[in-house]
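Undergrad: Counted from 1, the sequence shown has number 8 at position 8 by our numbering; the numbering is strictly sequential.
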Amino acid sequence: MTLKLGVNIDHVATLREARRATRPDPLDAGAIALSAGADYVVVHLRKDQRHINQKDVAALCKLFPKQIHLECSCSEFCQKAALKCKPHSVCIVPELPGEITTTGGLKFTPIVQRQLFKMIDQLHKKNIKVSLFVDPCAADLRMAAKLGADIVELCTAAYSQAKTMPLRKKCLQELALSALLAKELGLEVHAGHGLDYHNVLAVADIGEFSCMNIGFAIIARSLFTGLPSAVEEMKNLL
Ligand code: PXP
1 MTLKLGVNID
11 HVATLREARR
21 ATRPDPLDAG
31 AIALSAGADY
41 VVVHLRKDQR
51 HINQKDVAAL
61 CKLFPKQIHL
71 ECSCSEFCQK
81 AALKCKPHSV
91 CIVPELPGEI
101 TTTGGLKFTP
111 IVQRQLFKMI
121 DQLHKKNIKV
131 SLFVDPCAAD
141 LRMAAKLGAD
151 IVELCTAAYS
161 QAKTMPLRKK
171 CLQELALSAL
181 LAKELGLEVH
191 AGHGLDYHNV
201 LAVADIGEFS
211 CMNIGFAIIA
221 RSLFTGLPSA
231 VEEMKNLL
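#1: Just the Cα atoms here: how many angstroms apart are ARG114 and ILE120?
#2: Which full runs of the alpha helix (DSSP H) of 4+ residues lie inside the region 73 to 153, going along the chain?
#3: Check whether the Cβ atoms of VAL7 and ILE151 lie closer than 7 angstroms to each other.
#4: Per DSSP, MET212 is paired with what?
#5: Report the CB separation of GLU188 from SER210 in whole angstroms; it is logged as a contact under 8 angstroms.
#6: Are there any heavy atoms of the ligand PXP lying less than 6 angstroms away from the beta-carbon of ILE151, as far as the coordinates show?
#7: Does DSSP classify ILE219 as helix, strand or coil?
#8: Are the region 125 to 135 and the region 81 to 97 touching by the rule of at least three beta carbon pairs closer than 8 angstroms?
#9: Determine the contact status of LEU3 and LEU238, defining contact as a CB-CB distance below 7 angstroms.
#10: From PRO166 to SER160, what distance separates their C-alpha atoms?
#11: Can you give the Cα-Cα distance for ARG16 and ASP56, rounded to whole angstroms?
#12: With a cut-off of 8 angstroms on the beta carbons, I'd call THR156 and GLY192 a contact; round off their distance for me.
#13: Any idea what DSSP makes of TYR159, helix, strand or coil?
Shown next, in the form of structure tokens:
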């Protein structure tokens, strides 16, 4: 199985919004990433639309209907945007006010379970595949399967932030066990958050993942090497 690459282009929009300008345009970034070998273009539509906005999502989905992977929270705002734009797939993530980036997987409280169940059902009715962003934890994977998700994206934040070798090893073991369980549960397994050119191989080597979603490291490198080369380098590593 070939390992796919989803390139998150949120930070192209972050740069645009730093000047409330029209460029750099995420549409250009999406086209370049795909022609350089990315399998998916990933965008996170936050409720405050601080980088990617609804217009971006609509334009990207129109241009690349089979390659947009939309990250969004379990909320009416995001559900409406997703049903209107019809991306290839949606990854539901937790979203906390004021956070710099997503801080971990979904917390499956009874209220969240009910909301997720409804949102997943609505997205499925439009033939949109649904991924849930989860921590590498057996109970959460079982819950994702029970709620009807097609995919789980395992949060690699703890692994990517691990400061010692024993901790890094423990995080990798958790990711490997979780990926195996997810597959046994019939789920497709992705990974993402904090992955870069140095730490991605150990996760890829686990062998159970079908897609890695990577943003910050690729966009940061592209400032010095150009986006095509930053994407190609990551794709070649995988
Ligand atoms: N996957 C999910 C669910 C995310 O929320 C993010 C950050 O937007 C990423 C992957 C990409 O993380 P990074 O920018 O650290 O590569």
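Note that CB positions come from ideal geometry on N, CA and C, so glycine has one too. Keep in mind it's a predicted model, so treat the numbers as computed, not measured.
TA: On the basis of the coordinates in this document:
#1: One-based indexing of the sequence shown puts residue 114 at position 114. One-based indexing of the sequence shown puts residue 120 at position 120. ARG114 and ILE120: Cα-Cα distance of roughly 10 angstroms.
#2: 76 to 85, 110 to 125 and 138 to 146
#3: As a first step, residue 7 is located in the sequence shown; it is residue number 7 there, counting from the start. As a first step, residue 151 is located in the sequence shown; it is residue number 151 there, counting from the start. Result no, Cβ atoms of VAL7 and ILE151 do not sit closer than 7 angstroms.
#4: In the sequence shown, the residue the question calls residue 212 occupies position 212. MET212 pairs with LEU5 and ALA191.
#5: As a first step, residue 188 is located in the sequence shown; it is residue number 188 there, counting from the start. As a first step, residue 210 is located in the sequence shown; it is residue number 210 there, counting from the start. About 5 angstroms; that satisfies the 8 angstroms criterion.
#6: Taking the first residue of the sequence shown as 1, we reach residue 151 at position 151. Answer for ILE151: no, Cβ out of range of the ligand PXP.
#7: Start at 1 with the first residue of the sequence shown, and residue 219 comes out as number 219. Three-state DSSP puts ILE219 in a helix.
#8: yes
#9: Counted from its first residue, the sequence shown places residue 3 at position 3. Counted from its first residue, the sequence shown places residue 238 at position 238. For LEU3 and LEU238, yes; Cβs fall inside 7 angstroms.
#10: Within the sequence shown, numbered from 1, the residue matching residue 166 stands at position 166. Within the sequence shown, numbered from 1, the residue matching residue 160 stands at position 160. One C-alpha to the other measures close to 13 angstroms.
#11: Counting from one through the sequence shown, the residue named residue 16 turns up at place 16. Counting from one through the sequence shown, the residue named residue 56 turns up at place 56. When rounded, the distance between both Cα atoms is 12 angstroms.
#12: Working through the sequence shown from its first residue, we reach residue 156 at position 156. Working through the sequence shown from its first residue, we reach residue 192 at position 192. That belief holds up - the Cβ atoms of THR156 and GLY192 are roughly 6 angstroms apart, short of 8 angstroms.
#13: If you number the sequence shown from 1, residue 159 lands on position 159. Reduced to three states, the DSSP call for TYR159 is helix.
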